[in-house]
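Contents: one structure, followed by commentary.
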Amino acid sequence: MLNRIKSYLFLGLIFTCVACGGGQSNNNNPGNSPTPPPASPPPPPVSDFDQDGTADEVDSDDDNDSFSDGQDALPFDANEWIDTDGDGVGNNTDTNDDNDGIEDLNDPYPNCDDHVAKVYRGNITAQTLDILANGDYCAIDGDVIFQQGDPINSLAPLAKITQITGHLTIGRTPNLHSFEGLNNLIIVGKDLVIGPFNTIDSLDAFQNLNLIQGNFYIGKNTLTNAGQFPSLIYVGKQLQIFSNSNLTTLSGFNRLLTIGETMGVFNNPHLQEISGFNQLNTFKGDPNFLPFIKGEVAIVSNQQLTNVSGFSQTASLTRLNVSMNRALIEITGFTSLKKVQNQLLIYNNNLVHFDGLGQLTTVGGEGDAGNGQKFYFGKLIIEENRQLTSLAGLRNLSYVGQELTINENRSLGIGTSIFVDPLRGDLAAGLATLRAMPQFLDNIVVGEKIHLEDNR
Ligand SMILES: [Ca+2]
Ligand SMILES: [Ca+2]
Ligand SMILES: [Ca+2]
Ligand SMILES: [Ca+2]
57 MLNRIKSYLF LGLIFTCVAC GGGQSNNNNP GNSPTPPPAS PPPPPVSDFD
107 QDGTADEVDS DDDNDSFSDG QDALPFDANE WIDTDGDGVG NNTDTNDDND
157 GIEDLNDPYP NCDDHVAKVY RGNITAQTLD ILANGDYCAI DGDVIFQQGD
207 PINSLAPLAK ITQITGHLTI GRTPNLHSFE GLNNLIIVGK DLVIGPFNTI
257 DSLDAFQNLN LIQGNFYIGK NTLTNAGQFP SLIYVGKQLQ IFSNSNLTTL
307 SGFNRLLTIG ETMGVFNNPH LQEISGFNQL NTFKGDPNFL PFIKGEVAIV
357 SNQQLTNVSG FSQTASLTRL NVSMNRALIE ITGFTSLKKV QNQLLIYNNN
407 LVHFDGLGQL TTVGGEGDAG NGQKFYFGKL IIEENRQLTS LAGLRNLSYV
457 GQELTINENR SLGIGTSIFV DPLRGDLAAG LATLRAMPQF LDNIVVGEKI
507 HLEDNR
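FYI, the numbering for the sequence shown is 57 to 512, going by our numbering.
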């Protein structure tokens, strides 16, 4: 190959000379015009695995799965990033992550091969943390709790821990400046509580956290972004993000599939944007409490929040509550939401529109109360959104079980008032009026109560 390159260079030199005038006499000899130089060899094709326009050679995340190549066990497989046993099969595909002979489903410590390392049995506190540094442990059967002024300054002794069966609580530890040390944590068996903190500004160390079987609370911290959690697929109970004074962005959580109970984002005074949560499609709920199953998203009192986007796969919820976000001008997310079982409440925001909800067809339902009587449940309440000019977010709404209230949205331009409740009004007449209004579908059905007033 080298010789061929040399010969191209040689030929190139000759033809350069001809072109630059050294062969001037040849101009008088049209029969001796120079032959064109051979085409230079085509450049080797540039490999761009994830087709993001950045060549692999300079792309820091070749498969664009949000795990940088250095952190990614399988940097050319967007579905895999951890390979606990290093057998070349990523944990999401591998049915025995630690290759200990026990399948993951039957393995109480699926990422901890007890032939190689041990399970520490007992609770870990600031006083006992050093035990981990001196033993070869990969899991903790107990709680890990650092709080109330514990003097710890490093979580490095936890660096090999993949699983904590109990609670993990870290807050009020004034000497701790990083969560580095939790980088291999994959499973928390009970609650994960992060905060209060004013010494830590990144949650990046939780990059491999996959399952939280209890509640997940991020509260009273000075973080600017409480998002990311690129591995997290499951939160067994609640996810609550609250009172984080510097939080401006809540993004990420894009592999989160399931929240067992409710999700709340409230009292984050500088939060401007909520996005992400784009795989979240299941709120596990509790079949014993039908129809009031759990499964609520509440976004409340975030004073600088301007948009809620994301949640693009959430098809049904028990409750959606977007209230008292005084800067919130639009809801562009929830674009797959078809049904709200118990209550859709959009109250006292600065909303101009909530067009993202345009797939919503149903709020609530009805049941048989006996004696041929029905009972109705489910409320849609859109109230005191003083800048609201459009109800286009309700363009596919066809059914509200119990109550439809659209009230005191003073830029909405609906002059008509209707007040029908089960005791006072004529529901059929109210519905006829409602259906005749241009903003509503002609066939909307409301089971019990209609309240439209003061939407000037
Ligand atoms: Ca690329
Ligand atoms: Ca990657
Ligand atoms: Ca593996
Ligand atoms: Ca195993």
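Virtual Cβ for every residue (Gly too), placed ideally from N, Cα, C.
Just so you know, these numbers come straight off a predicted model, no measurement behind them.
Does the Cβ-Cβ distance between residue i and residue j come in under 8 angstroms?
i	j	result
S324	I289	It should be pointed out that residue 324 corresponds to Asn in this sequence rather than to Ser. Cβ distance not < 8 angstroms, so N324 and I289 don't count as in contact.
I217	N190	no
G292	G332	no
I268	L232	no
E352	Y403	no
T461	I437	yes
N377	L413	no
D186	P213	yes
F322	V356	yes
E504	Q429	no
I48	V244	Residue 48 is absent from the structure shown; the chain starts at 57 and stops at 512.
L130	D139	yes
L327	L303	yes
L295	F262	no
A215	G198	no
L211	F235	yes
A173	D206	no
Quick one: what's got a C-beta closer than 6 angstroms to residue i's C-beta in the same chain, skipping five residues either side?
i	result
E509	N463 and S473
G495	Contrary to the premise, residue 495 reads as Gln rather than Gly in this sequence. For Q495, where only same-chain residues beyond five positions count, the Cβ hits under 6 angstroms are L447.
D141	D154 and N155
N465	N441, L444 and N511
P343	Note that P343 scores a pLDDT of 49, beneath 50, so its modelled location is shaky; the value from the coordinates is reported in the next line. Around P343: no qualifying Cβ.
F339	I315 and G351
G270	K246, D247, G292 and K293
V145	none
G320	Q296 and A354
Q359	P325 and R382
L468	L444 and N511
L58	Any reading at L58 must be qualified, since the residue scores a pLDDT of 41, below 50, and its modelled position is unreliable; the value itself is stated next. Here the set comprises nothing.
C73	The predicted model places C73 with a pLDDT of 37, which falls under 50 and marks its position as unreliable; any figure quoted below should be read in that light. Nothing meets the Cβ criterion.
Less than 7 angstroms between C-beta atoms, sequence neighbours within five positions excluded: which residues of the same chain meet that for residue i?
i	result
Q369	N334, Q335, L336, N337 and S392
Q284	L259, D260 and G308
F475	G481, H507 and E509
N148	N135 and E136
T151	E159 and D160
N427	none
N254	T278
R228	Q203, Q204, G205 and P252
P478	E504 and K505
V102	A111
Could you round the C-beta distance between residue i and residue j to whole angstroms and report it? I think they count as a contact, below 8 angstroms.
i	j	result
F431	G420	Going by Cβ atoms, the distance from F431 to G420 rounds to 11 angstroms, so no, they are not a contact pair.
A111	D121	Contact doesn't hold; Cβ gap of about 17 angstroms is too wide.
V408	T362	V408 to T362, Cβ: 11 angstroms. No contact.
D143	F132	Not really, about 16 angstroms apart at Cβ, beyond 8 angstroms.
E329	T314	Their Cβ separation, rounded to whole angstroms, is 24 angstroms, which puts E329 and T314 out of contact at 8 angstroms.
I201	N179	7 angstroms
Q399	R375	5 angstroms
T318	A354	7 angstroms
Y176	Y193	4 angstroms
Tell me which same chain residues have a C-beta within less than 8 angstroms of the C-beta of residue i, skipping the five on either side of it?
i	result
H171	D156
M493	I470 and T472
M380	V356, S357, Y403, N404 and N405
D411	E386, I387, T388, S446, A448 and G449
K395	A371, S372, L373, L416, T417, T418 and V419
N300	G251, I274, G275, K276, N277, T278, L279, A282, N324 and L327
V501	S454, Y455, V456 and L487
E422	K430, F431, Y432, F433, G457 and G503
D104	T110, A111, D112 and D115
Is residue i near ligand 5, in the sense that its beta carbon is under 7 angstroms from a heavy atom of that ligand?
i	result
D163	This structure simply doesn't include ligand 5; it includes ligand 1, ligand 2, ligand 3 and ligand 4 instead.
So is residue i in contact with chain B if we call contact Cβ pairs under 8 angstroms?
i	result
Q269	Given the protein chain composition of this structure (a single chain), no chain B is represented.
At least three beta-carbon pairs within less than 8 angstroms, the segment 448-455 to the segment 480-487: The segment 448-455 is not in contact with the segment 480-487.
Contact set, ligand 3 heavy atom to C-beta under 5 angstroms: Matched residues: D139, D141, D143, V145 and D150.
Inter-stretch contact at 8 angstroms, needing at least 3 Cβ pairs: the segment 123-134 / the segment 274-283: No, they do not touch.
Meets three-Cβ-pair contact criterion under 8 angstroms: the segment 241-253 and the segment 215-229: At 8 angstroms Cβ cutoff, the stretches touch.
Under 6 angstroms, CB to nearest heavy atom of ligand 1: contacting residues: Those residues are D104, F105, D106, D108, T110, D112, D115 and D118, given in chain order.
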